Structures are given as C-alpha cells and as structure tokens.
Amino acid sequence: MGNVSRVPFCLTFCPRPATYVSSSAYSTRPPTVPHAEPRILQRSSDGHASAGPERWVKMPLSGTLARGLLSELKLPVPWGHIAAKTWGSLKGHPVLCLHGWLDNANSFDRLIPLLPQDLYYIAMDFGGHGLSSHYSPGVQYHYQDFVNEIRRVAAALKWHRFSIMGHSFGGTVGGMFSCVFPEMVDKLILLDSLPFFVDCSEIDNLLIYKQRAIEQVLQLEASTKPPTVHSPEEVLQRLLQNNAAVGEECGKLLLQRGTTQVASGLVLNRDRRISLPELCFDFISKDQLLRCIQNLQAHVLIVKAQQGLYSLRREDTDRTPMNLITGMLQAILKKRYQFVEIPGNHYIHMNEPYKLAKIVSAFLKSEVRPLSKL
C-alpha cells in the first residue's frame with residue numbers, strides 16, 4: 001500500500017495516533033517485537049512504545065481520552081505484543097477486562113470510570129484485535145489461544161490472583177481461564193455472556209465447521225487483495241449495519257482503537273482471520289461443562305441484558321445451553337453465584353453503563369470467603 005502517513009486519526013471525535021499498516025494478505029499488522037522475558041512496554045504521549053522497568057508508572061497521555069485512564073501498555077509476546085490500557089490505582093487489586101469478539105479494549109471506556117477507583121483495571125486487546133499484534137502468517141486463531149493470552153498477560157504483570165470482567169466472547173474466554181487456572185481468579189464477572197460454549201444442537205456439525213475454517217484460511221493466505229480502505233463515514237455505517245446493538249457514539253469509540261488512518265481513508269486494524277467464527281469459538285460437552293464448573297474457585301456474577309445475546313439470536317424454546325449452564329452454576333457454586341437480569345441490549349456496558357455500575361461495583365467490593373474444605 002506504499003507509505004503510510006502517520007497522522008492523528010479522527011472520525012469527528014477523539015484523535016488517535018495511527019499505529020501501523022502493511023500490504024500483507026492479513027490486512028494491518030504491527031511490527032514484530034523480539035521475544036523477551038515478560039516486561040512492560042509503555043505507550044508515551046507521542047504514541048511510541050518504550051521499554052519500561054519491571055515496575056511501571058503513570059504515563060502522560062495526550063488527546064481526549066477515557067476518563068481516569070492511567071496509561072497504555074504493550075506486553076511482549078513471541079508474535080509481537082499485546083496492547084492494553086489501564087485505569088484506577090496501581091496499588092489496587094487487579095481486574096482484567098476482556099472485550100467481545102471483533103471489539104477492542106475501548107469497549108470498557110464508559111463503564112470502568114463508574115467503578116471503584118481503588119482497584120486496578122487493565123483492558124487488553126486480544127491478539128488480532130485493536131492495537132495488539134496479529135498472529136504470525138500460517139498460524140490460525142483458536143479459542144484456546146485467547147485463553148493462553150490471559151496467562152501471558154498475568155505473567156508479564158506478575159499477577160498471582162486477580163478478578164476478570166468479560167463481555168460476550170471475552171467472558172467466555174475468561175470463564176475457561178478461571179477453570180484452567182482456578183487458583184488465580186477470585187471473581188468472574190460476565191456481561192451478557194456465559195462462561196462456556198455449550199451447544200446441544202450444533203455439536204454434530206463441528207467437523208464441518210473445522211473443514212470450513214481451514215478452507216477459508218487457505219483462501220485468505222492465497223489472496224493478494226490489499227486491505228479495503230473506507231471513508232470514516234463508510235466504516236462507521238458498516239459497523240452499525242452489522243451490529244444493531246451498538247449505538248453510534250459507541251461505534252465511534254470502538255473505531256478509535258479499531259482502525260488506522262492511511263492516505264486515502266481508514267483500514268480496520270483487526271486481522272481478517274478472526275472474522276471466521278469457526279476458528280474462534282469452541283464447544284464443550286455436558287460432561288466437560290460439569291467438570292469445568294466443579295473446578296471453579298471464583299465467585300461468579302452474570303449480568304444478562306433482557307434484549308441481549310440470547311434474546312436476539314435464539315427463540316425462547318432454544319435456550320437449552322443457557323439454562324443448562326446457569327442451572328449448574330447455581331447448583332454447584334451456591335452462594336458464590338449471582339445472576340442479575342436488567343433492561344438493555346448486548347452492548348449495555350457501553351450504551352447504558354450506569355445500569356451496570358452499581359451491580360458490578362457491589363460485586364467487586366464484596367468479600368471473597370475462602371472455600372470450605374469438606
């Protein structure tokens with residue numbers, strides 16, 4: 001695509017420095033960061049990353065940014081870096097915030113400032129999303145890889161125990177992590193999300209899904225088509241048309257971190273490979289579900305939007321997975337499990353964050369009692 005003009009990106013709202021673009025078949029791709037021991041790369045006010053010490057400090061940030069934002073981080077991984085942004089108190093208990101599929105860390109810009117500020121919040125971009133590096137060519141994205149990314153972030157930040165708050169796909173990834181590393185997670189907050197993918201009707205089609213995913217990846221790799229360039233208005237309208245639950249202002253917020261400005265317009269930052277749901281989603285059986293829930297040590301809060309994920313995509317008679325999961329959580333976790341349903345759609349945490357703030361804040365500040373050893 002030739003040279004990229006590194007000018008501030010503006011879609012008639014918040015300026016954001018351009019980050020990267022390339023002419024690879026995978027759309028935009030950040031520069032490779034050599035593999036190193038986990039340490040923190042800090043984003044300074046000019047948008048450039050600088051290697052920081054093991055202990056990080058608040059960085060000056062320019063432009064109109066999310067209220068209370070402390071700094072932006074880049075955490076080295078073998079394929080590049082994981083980008084993240086932080087709020088709250090550096091001395092506070094850590095809360096890792098995980099965005100939904102095809103979204104980015106800006107998903108939490110409106111909710112986190114309403115939550116207790118004596119905690120330390122980090123919202124990360126999953127690989128291939130937002131400002132995080134794309135996976136290497138020839139490497140497919142898979143649900144388990146996103147679970148792995150949480151462990152890498154915890155290692156880089158030297159976290160031994162923390163809370164997780166996830167929206168949609170991010171909640172499901174956080175749920176699986178909480179079962180694989182139960183001793184590391186004290187609280188799990190799921191915003192219009194479930195902690196696992198269990199689909200009683202689609203399990204027979206998994207082989208078809210896997211075949212389709214492999215074929216689509218090969219087609220992408222063979223493509224020489226450069227990333228599509230859109231005007232700011234076009235990219236916003238495409239986002240709103242593809243996701244009716246996202247309001248216009250929230251769509252703009254996601255695009256601040258989800259696009260890069262080039263000479264002729266905007267390109268999406270996300271890796272085209274993550275658009276294949278067959279790669280990014282993974283189902284478990286009922287037996288696996290039972291074992292996963294039994295392994296959970298965390299206190300769990302599910303906040304369901306009444307016009308949310310299941311209301312939009314499923315008939316009432318087809319709610320078996322949700323009822324199965326919530327029923328097992330209640331039966332096994334007992335007092336460690338809370339379920340709250342409130343008015344709103346799938347993006348209530350962005351569109352109407354004040355509806356969530358009191359519920360989530362109370363859960364975050366509640367006491368975690370040690371598990372009884374019976």
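Residue numbering for the sequence shown follows full-length UniProt numbering, starting at 1 and increasing by one per position. We treat Cβ as the ideally placed atom computed from N, Cα and C, and that holds for glycine. All values derive from a computational prediction rather than experimental measurement.
| request: Taking 7 angstroms as the cut-off, decide whether the C-beta atoms of residue 111 and residue 93 are in contact. | output: For the purposes of this step, residue 111 is taken as residue 111 along the sequence shown, with counting starting at 1. For the purposes of this step, residue 93 is taken as residue 93 along the sequence shown, with counting starting at 1. In this structure, residue 93 does not lie closer than 7 angstroms to residue 111 by Cβ.
| task | Inspect the CB distances between the region 135–151 and the region 69–84 and report whether three or more fall short of 8 angstroms. | result | Cβ pair count under 8 angstroms is three or more, so yes.
| Among 245, 84, 116, 89, nearest to residue 149 - alpha-carbon criterion | By 1-based counting over the sequence shown, the position of residue 149 is 149. Per the Cα distances, 84.
| Near residue 247, which residues of its chain fall below 6 angstroms by C-beta distance, leaving aside the five closest residues on each side in sequence? | Locating residue 247 in the sequence shown gives position 247, where the first residue counts as 1. Cβ within range, chain order: 351.
| task | Go through its chain and collect everything with a Cβ distance to residue 86's Cβ below 6 angstroms, but skip five positions before and after it. | result | Your numbering for residue 86 matches position 86 in the sequence shown. Cβ neighbours of residue 86 beyond the five flanking positions: 70, 71, 122.
| request: To the nearest angstrom, report how far apart residue 131 and residue 220 are at their CA atoms. | output: For the purposes of this step, residue 131 is identified with residue 131 of the sequence shown, where counting begins at 1. For the purposes of this step, residue 220 is identified with residue 220 of the sequence shown, where counting begins at 1. Distance between the alpha carbons of residue 131 and residue 220 is about 21 angstroms.
| What did DSSP end up calling residue 49 once you bin it into helix, strand or coil? | Here residue 49 refers to the residue found at position 49 when the sequence shown is read from its first residue. Residue placement at residue 49 is poorly supported in this model, since its pLDDT is 38, which falls under 50; the coordinates still yield a value, given next. Residue 49: strand per DSSP, three-state reduction.
| Is it true that the CB of residue 256 sits closer than 7 angstroms to the CB of residue 106? | Translated into the one-based positions of the sequence shown, residue 106 becomes position 106. Translated into the one-based positions of the sequence shown, residue 256 becomes position 256. With respect to the 7 angstroms criterion, residue 106 and residue 256 are classified as neighbours on the basis of their beta carbons.
| With a Cβ-Cβ cutoff of 7 angstroms, do residue 362 and residue 186 count as a contact? | Along the sequence shown, one-based indexing puts residue 362 at 362. Along the sequence shown, one-based indexing puts residue 186 at 186. Taking 7 angstroms as the Cβ cut-off, residue 362 and residue 186 do not qualify as a contacting pair.
| field | Assigned secondary structure, residue 74 (DSSP; H/G/I helix, E/B strand, else coil) | value | Residue mapping note: residue 74 aligns to position 74 of the sequence shown, counting from 1. DSSP places residue 74 in strand when its eight states are reduced to three.
| said: Determine whether the beta carbon atoms of residue 353 and residue 98 lie at a separation below 7 angstroms. | reply: Residue 353 sits at position 353 when you count from the first residue of the sequence shown. Residue 98 sits at position 98 when you count from the first residue of the sequence shown. No, these two residues do not count as a Cβ contact at 7 angstroms.
| Option nearest residue 332 by Cα separation, candidates 264, 140, 303, 289 | In the sequence shown, residue 332 corresponds to position 332, counting from 1. The residue with the shortest Cα to Cα distance from residue 332 is 289.
| message | Let's test the definition: count the other Cβ atoms within 10 Å of the Cβ of residue 304 and tell me whether it reaches 16, buried, or not, exposed. | response | Counted from its first residue, the sequence shown places residue 304 at position 304. Residue 304 comes out buried.
| What is the DSSP secondary structure of residue 125, reduced to helix, strand or coil? | Indexing the sequence shown from 1 puts residue 125 at position 125. When DSSP states are grouped into helix, strand and coil, residue 125 belongs to the coil group.
| task | Tell me, please, whether the region 261–279 touches the region 213–232 by the rule of three or more beta-carbon pairs shorter than 8 angstroms. | result | Contact holds: three or more Cβ-Cβ distances are below 8 angstroms.
| request: Please go through the same chain and pick out, in chain order, the residues whose beta-carbon is closer than 6 angstroms to the beta-carbon of residue 349, but skip the five residues on each side of it. | output: The residue you call residue 349 lines up with position 349 of the sequence shown. Counting only Cβ-Cβ distances below 6 angstroms, and skipping sequence neighbours, we find 111, 167, 191, 356.
| request: Could you check which residue in 194, 286, 90 has the C-alpha nearest to that of residue 170? | output: Along the sequence shown, read from residue 1 onward, the residue named residue 170 stands at position 170. That would be 194, whose Cα lies nearest to the Cα of residue 170.
| field | Presumed contact (8 angstroms Cβ cut-off) between residue 179 and residue 329, rounded CB distance | value | Translated into the one-based positions of the sequence shown, residue 179 becomes position 179. Translated into the one-based positions of the sequence shown, residue 329 becomes position 329. Taking C-beta atoms under 8 angstroms as the contact rule, residue 179 and residue 329 fail to qualify, at a distance of about 12 angstroms.
| query | How should residue 258 be labelled, buried or exposed, when 16 other C-beta atoms within 10 angstroms of its C-beta is the threshold for buried? | reply | Stepping through the sequence shown from its first residue, residue 258 is reached at position 258. With at least 16 other beta carbons inside 10 angstroms of its own, residue 258 counts as buried.
| message | Using beta carbons (cut-off 7 angstroms, strictly below), is residue 298 in contact with chain D? | response | Of the chains in the structure shown, none is chain D; there is only one protein chain.
| message | Less than 7 angstroms between C-beta atoms, sequence neighbours within five positions excluded: which residues of the same chain meet that for residue 196? | response | Taking the sequence shown and counting its residues from 1, the one referred to as residue 196 is at position 196. So the list reads 172, 175, 176, 284, 289, 292, 325, once near-sequence residues are dropped.
| request: Keeping to the same chain, check which residues put their C-beta closer than 6 angstroms to that of residue 108; ignore five residues upstream and five downstream. | output: Position 108 of the sequence shown, counted from the start, is the residue given in the question as residue 108. Cβ contact annotation for residue 108 (same chain, cutoff 6 angstroms, sequence separation greater than five): 97, 123, in chain order.
| query | Thinking just about the alpha-carbon of each residue, which of 141, 157, 102 is nearest to the one in residue 73? | reply | Your numbering for residue 73 matches position 73 in the sequence shown. Ranking 141, 157, 102 by Cα distance to residue 73 puts 157 first.
| field | Top-ranked residue by Cα proximity to residue 233, from 155, 214, 267, 217 | value | Mapped onto the sequence shown, residue 233 falls at position 233. Just measuring C-alpha positions, the residue of 155, 214, 267, 217 sitting nearest residue 233 is 267.
| query | What number of angstroms, rounded off, separates the C-alpha of residue 91 from the C-alpha of residue 236? | reply | Counting from 1 along the sequence shown, the entry for residue 91 is found at position 91. Counting from 1 along the sequence shown, the entry for residue 236 is found at position 236. Linking residue 91 to residue 236 through their CA atoms gives a straight-line distance of about 38 angstroms.
| task | Using the Cα positions of residue 261 and residue 100, report the straight-line distance between them to the nearest angstrom. | result | Your numbering for residue 261 matches position 261 in the sequence shown. Your numbering for residue 100 matches position 100 in the sequence shown. Cα-Cα distance, rounded: 23 angstroms.
| message | Which runs of the alpha helix (DSSP H) at least 4 residues long sit entirely within the region 310–364? Give them in chain order. | response | Correct list: 320–333, 348–351.
| message | Given this structure, state the Cα-to-Cα distance separating residue 286 from residue 162, to the nearest angstrom. | response | Within the sequence shown, residue 286 is the residue found at index 286, counting from 1. Within the sequence shown, residue 162 is the residue found at index 162, counting from 1. When rounded, the separation of the alpha-carbon atoms in residue 286 and residue 162 is 28 angstroms.
| message | Taking the straight line between their C-alpha atoms, what separation do you get for residue 146 and residue 341? | response | Position 146 of the sequence shown holds residue 146. Position 341 of the sequence shown holds residue 341. Whole-angstrom Cα-Cα distance: 27 angstroms.
| said: If I measure Cβ to Cβ from residue 151 and keep anything under 6 angstroms in the same chain, skipping five residues before and after, which residues do I get? | reply: As a first step, residue 151 must be located in the sequence shown, where it is residue number 151. Once the five neighbours on either side are set aside, residue 151 has no close Cβ partner at all.
| Buried or exposed: which applies to residue 252, given that a residue is buried once 16 or more other Cβ atoms fall within 10 Å of its Cβ? | Residue mapping note: residue 252 aligns to position 252 of the sequence shown, counting from 1. Burial call: buried.
| message | For a minimum of 3 consecutive residues, which ranges assigned as the beta strand (DSSP E) are wholly contained in the region 163–241? | response | The region 163–241 contains these whole beta strand (DSSP E) runs: 185–191.
| request: Assign residue 41 to one of two classes, buried (16 or more other C-beta atoms within 10 Å of its C-beta) or exposed (fewer than that). | output: Numbered from its first residue, the sequence shown carries residue 41 at position 41. Confidence at residue 41 is low in this model, with a pLDDT of 45, below 50, so its placement is unreliable and the value that follows should be read with caution. With 16 or more other CB atoms across the displayed protein chains lying within 10 angstroms of its CB, residue 41 is buried.
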